[in-house]
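Asks:
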Amino acid sequence: MTDPQRPAVPQDASRPPRVRVQRRALHGVLLLDKPLGLSSNDALQKAKWLLRAEKAGHTGTLDPLATGLLPLCFGAATKFSQVSLDADKRYLATLALGIRTTTGDAEGEVLERQDADGISAEQIAAACAAFTGEIDQMPPMYSALKHEGRALYEYAREGIVIERQSRRVTIHAIDIVA
546 MTDPQRPAVP QDASRPPRVR VQRRALHGVL LLDKPLGLSS NDALQKAKWL LRAEKAGHTG
606 TLDPLATGLL PLCFGAATKF SQVSLDADKR YLATLALGIR TTTGDAEGEV LERQDADGIS
666 AEQIAAACAA FTGEIDQMPP MYSALKHEGR ALYEYAREGI VIERQSRRVT IHAIDIVA
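The sequence shown begins at 546 in the numbering used here and counts up by one.
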């Protein structure tokens, strides 16, 4: 028998009812210093949730291992995100010479180690010069580049290799700072 004065208990009483958060129209750009270990989309979703924004987008993907400025666009500003996507970017990277990994970055398992002590600064500068200017670049399997709606790294984690086309990219300069 049910008591009309008492509300019915939901089937799954262990879970609180979901509360719908009121979203708000928010327009502008937030310059976020993305922390290490967070994907660009995770950073966007957290900011969108915290600000309760209706519409949001980011202006390009930073690797989860990368830190740095990630512009987040809200509301009407999302219309301009393509301008930032197409803009020139600047990166500061730390490299480990003599190490080859499964993913081509610091997250992968080390496949090979070689002594890099004999490599001179001139040899490093010459190698960097070969990557300067307009070059054809083959996207790595461990990248956020999409294929049929999925990031390439998702296929790579499943052991699936997708045929990729090289892309023409421009690298304006590589400066060795240390």
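Note that beta-carbon positions come from the ideal geometry of N, C-alpha and C, so glycine has one too.
Taking ALA718 as the reference, which of LEU637, ARG563, GLN567 and PRO561 has the closest Cα?
Replies: The option with the nearest alpha carbon to ALA718 is LEU637.
Asks: Taking only runs that begin and end inside the region 622-707, name each unbroken beta strand (DSSP E) of 3 or more residues, in chain order.
Replies: Counting whole runs of 3 or more residues, the region 622-707 contains the beta strand (DSSP E) stretches 644-646, 655-658 and 678-682.
Asks: Using 10 angstroms around the beta-carbon of HIS572, count the other beta-carbons present and answer buried if the total reaches 16, otherwise exposed.
Replies: HIS572 should be labelled exposed.
Asks: In chain order, what residues of the same chain have a beta carbon less than 8 Å from the beta carbon of PHE676, not counting five sequence neighbours either side?
Replies: Around PHE676: ILE716 and ILE719.
Asks: Between GLY605 and ASP662, what straight-line distance do the alpha-carbon atoms span, to the nearest angstrom?
Replies: The alpha-carbon atoms of GLY605 and ASP662 are separated by roughly 36 Å.
Asks: Please classify LEU640 as buried or exposed, where buried requires at least 16 neighbouring CB atoms within 10 angstroms.
Replies: With fewer than 16 Cβ atoms within 10 Å of its Cβ, LEU640 is classed as exposed.
Asks: Near LEU576, which residues of its chain fall below 7 Å by C-beta distance, leaving aside the five closest residues on each side in sequence?
Replies: Answer for LEU576: LEU614 and PRO616, listed in chain order.
Asks: Look up ARG593 in the DSSP assignment and say whether it is helix, strand or coil.
Replies: For the record, residue 593 in the displayed sequence is Lys; it is not Arg. Residue state, collapsed to three classes: helix.
Asks: Sort ASP608, ILE705 and VAL628 by Cα distance to LEU583 and report the nearest one.
Replies: Nearest option by C-alpha distance: ASP608.
Asks: Apply the 10 Å Cβ neighbour rule to SER559 and answer buried if 16 or more other Cβ atoms are within range, or exposed otherwise.
Replies: So SER559 counts as exposed.
Asks: Could you pull out every residue in the same chain whose Cβ sits closer than 8 Å to the Cβ of THR646, ignoring the five residues on either side in sequence?
Replies: Taken in chain order, the residues that qualify are GLU652, GLY653, GLU654, VAL655 and LEU656.
Asks: Just how far apart, CA to CA, sit ALA689 and ALA696?
Replies: If I take the Cα positions, the gap works out to 5 Å.
Asks: Roughly how many whole angstroms lie between the Cα atoms of SER665 and CYS673?
Replies: Near 13 Å, if we compare the C-alpha coordinates of CYS673 and SER665.
Asks: What does a CB cutoff of less than 7 Å around ARG713 pick up in its chain, not counting 5 residues either side in sequence?
Replies: Correct list, in chain order: GLU679 and ASP681.
Asks: Among VAL628, VAL706, ALA601 and GLU708, which residue has its Cα nearest to the Cα of ARG568?
Replies: Considering only alpha carbons, the answer is ALA601.
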